[in-house]
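Numbering that gives the first Met the number 0 puts the first residue of the sequence shown at 0, with every later residue one more than the last.
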Amino acid sequence: MAECSVTVDSTDEMSYSTKEITIDKSCREFTIRLTHSGSLPKNVMGHNLVIAKTADMQAIATEGMSQGIEKDYLKTDDVRIIAYTKVIGPGEEAVVRFDTSALEAGGDNYSFFCTFPGHIAMMKGKVVVK
Ligand code: CO
């Protein structure tokens with residue numbers, strides 16, 4: 000049986016607890032639980048987790064910046080976004096469950112990242128689809 004969910008922690012060090020998320024397409028749906036183990040306030044060190052094609056990552060983050068924290072630094076109607084969580088602060092968590100049919104297996108096409116301004120340089124990783 001494939002693992003159809005993963006928990007990713009985020010920190011005050013502007014990092015995620017993993018550099019890679021593997022999604023097995025034998026899971027029709029996949030669940031990501033984002034936690035925040037830090038203590039800095041959300042408006043200072045908030046984090047979200049967004050999945051998109053790596054080629055679209057920077058544009059989504061740049062556009063998200065202009066949306067403000069009230070909108071989770073994300074233009075959520077952007078069709079290039081495959082999955083996303085809201086921005087969370089310390090002690091909070093956010094869960095996103097999404098259909099894996101939007102993902103193509105193989106290759107090196109997808110990434111996860113944080114769209115809080117300035118975070119994408121450090122808060123990103125690879126999404127492996129198999
Ligand atoms: Co962040």
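The C-beta atom is built at its ideal place from N, Cα and C for all residues, glycine as well.
Ordered by chain, the residues meeting the criterion of a beta-carbon within less than 5 Å of a non-hydrogen atom of ligand 1 are His-46, Cys-113, Phe-115, His-118 and Met-122. The straight-line gap separating the alpha-carbon atoms of Pro-116 and Met-0 is approximately 38 Å.
Going by C-alpha positions, Ser-25 is about 22 Å away from Gly-124. If you draw a straight line from the Cα of Arg-32 to the Cα of Gly-106, it comes to about 25 Å. The Cβ-Cβ distance between Gly-45 and Gly-88 falls below 7 Å. Counting C-beta pairs with one atom in each stretch, the segment 8 to 28 and the segment 67 to 80 have fewer than three that are closer than 8 Å, which means they do not touch.
Under the Cβ criterion (8 Å, minimum of three pairs), the segment 95 to 112 counts as touching the segment 16 to 25. Pairing Ala-54 with Glu-12, the inter-Cα distance amounts to about 26 Å. In the three-state DSSP reduction, Thr-30 falls in the strand class (E or B). Collapsing the DSSP output to three states places Gly-67 in coil.
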